[in-house]
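K.L.:
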Amino acid sequence: MKAEIDYAIDSGSTTSEKTNEDYLWTGLEDGINAVLILDGTSGVSGDFGARNEKTGGRRYVERFGAAIKHILDKNPQRDLEEVMKSAIETIWDEFEEESEENTEKYFKGENVTLQRASTIPAAVGAMIRWNDKKLELLHVGDVETYVKLEDRVENFSNETHESFDKIRDENIKEYGKESSEVQEILRKHRSAHNLPGAYPNMSFNPLAVEKLGEKSEYLIEEVEKLLLSTDGAAPRFRELFDLETNEQVIKYIEEHGAQKSLEKLREKEHNAELNALKSSDDAAIALLNF
């Protein structure tokens, strides 16, 4: 079963210093009917605004994507949950090796930064795979996936964290985002991930996929369209373009194309505030037609 795919990714910034921590991989060019979308985070450091090519979140999602590709190259039919868990274990080994090297350098007096638990990079994401008979979906965290069937649109997201984030944002506004108190707020927020009322975060924990991931499967003949989106895109389209349904979001992106849709989103958000820390977010979307 062939699928047409239109996708785009944007850093949410006009400056070259901002690293895009969203990631999108399609296996179609490699003969693999699969798409992976990730929303990475760098954790919390003393300098929250530090972003460059070595940002932890970017390294995490790139390595995660490479691990997924390697696993599927060897075994294209492996269970998706096992694929993601194995990818997490792979990058855990890589980051652990780096950590050991940096610790050794640190005690030799070299200028390196040791990672604390609060700075460990992580990601949320979703992955789909299909063949002539079925489409499989695995969804972890607050990315969004819309599956358009003949009579309905099924939505996979994680909306339970909204009040969780609201408390964080209200506290940050109270102190001001440049204050020292903000770092502690962010650390507490980060440490609560994977707890009830928060949201799944893969990091180096395969159990987050096993215990918190959502799995679904469809007959391929039932699926008309499918949209994968990070939280910097689909929810913002609904909010800023007054799109009331997920089907309207799909239609908007289909009519304008993925890249143009993100450009129009940036125009809309120019004077809008996303949360207490930033006015825009990395965005990635992939729209598939079956």
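Those letters in the sequence shown? Residues 655 to 944, by the numbering used here. Ideal Cβ positions, reconstructed from N, Cα and C, are used throughout, including at glycine.
Whole angstroms is fine: what's the gap from Y872's alpha carbon to E790's?
P.N.:
Cα to Cα, Y872 sits roughly 7 angstroms from E790.
K.L.:
Give every residue of the same chain whose Cβ lies closer than 6 angstroms to the Cβ of T695, excluding the five residues on either side of it in the sequence, and list them in chain order.
P.N.:
Excluding five sequence positions before and after T695, the CB atoms of its chain that fall closer than 6 angstroms to its own CB belong to G711 and A776, given in chain order.
K.L.:
Using a Cβ-Cβ cutoff of less than 6 angstroms, which residues in the same chain neighbour N900 once the five nearest sequence positions on both sides are dropped?
P.N.:
Excluding sequence positions up to five before and after N900, its CB lies within less than 6 angstroms of the CB of Y800, V807 and N809, all in the same chain and listed in chain order.
K.L.:
Would D684 be called buried (16 or more neighbouring beta carbons within 10 Å of its own) or exposed?
P.N.:
Counting every other CB atom within 10 Å of its CB across the protein chains shown gives D684 a total below 16, marking it as exposed.
K.L.:
Taking the Cβ atom as the reference point for each residue, do T884 and V797 lie within a distance shorter than 7 angstroms?
P.N.:
yes
K.L.:
Using C-beta distances below 8 angstroms, list every residue in its chain close to E735, excluding the 5 sequence neighbours before and after it, in chain order.
P.N.:
L792, V863, E864, G867 and K869
K.L.:
With a 10 Å radius around its C-beta and 16 neighbouring C-beta atoms as the bar for buried, classify F761 as buried or exposed.
P.N.:
Answer is exposed; the Cβ neighbour count stays below 16.
K.L.:
Please state whether the Cβ-Cβ distance between E782 and V689 is less than 7 angstroms.
P.N.:
Reading the sequence as shown, one finds Ile at residue 782 and not Glu. In this structure, V689 lies closer than 7 angstroms to I782 by Cβ.
K.L.:
So for L726, helix, strand or coil by DSSP?
P.N.:
helix
K.L.:
Take D936 and list the residues in its own chain whose beta-carbon comes closer than 6 angstroms to its own, dropping the five residues that flank it on each side.
P.N.:
If we look at D936 and ignore the five residues flanking it on each side, its Cβ neighbours are S665, G666, N674, E675, D676 and G886.
K.L.:
May I have the straight-line CA-CA distance separating S772 from E804, to the nearest angstrom?
P.N.:
Here the model assigns S772 a pLDDT of 49, short of 50, so the residue's position is not dependable, and the following value carries that caveat. If you take the alpha carbons of S772 and E804, they lie about 45 angstroms apart.
K.L.:
If you drop the 5 nearest sequence neighbours on each side, which residues of the same chain put their C-beta closer than 7 angstroms to that of E893?
P.N.:
none
K.L.:
What residue ranges within the region 868-900 form continuous beta strand (DSSP E) runs of no fewer than 3 residues, ordered along the chain?
P.N.:
868-873 and 877-883
K.L.:
Tell me where the alpha helix (DSSP H) around V797 begins and ends.
P.N.:
No alpha helix (DSSP H) holds V797; DSSP gives it neither H nor E.
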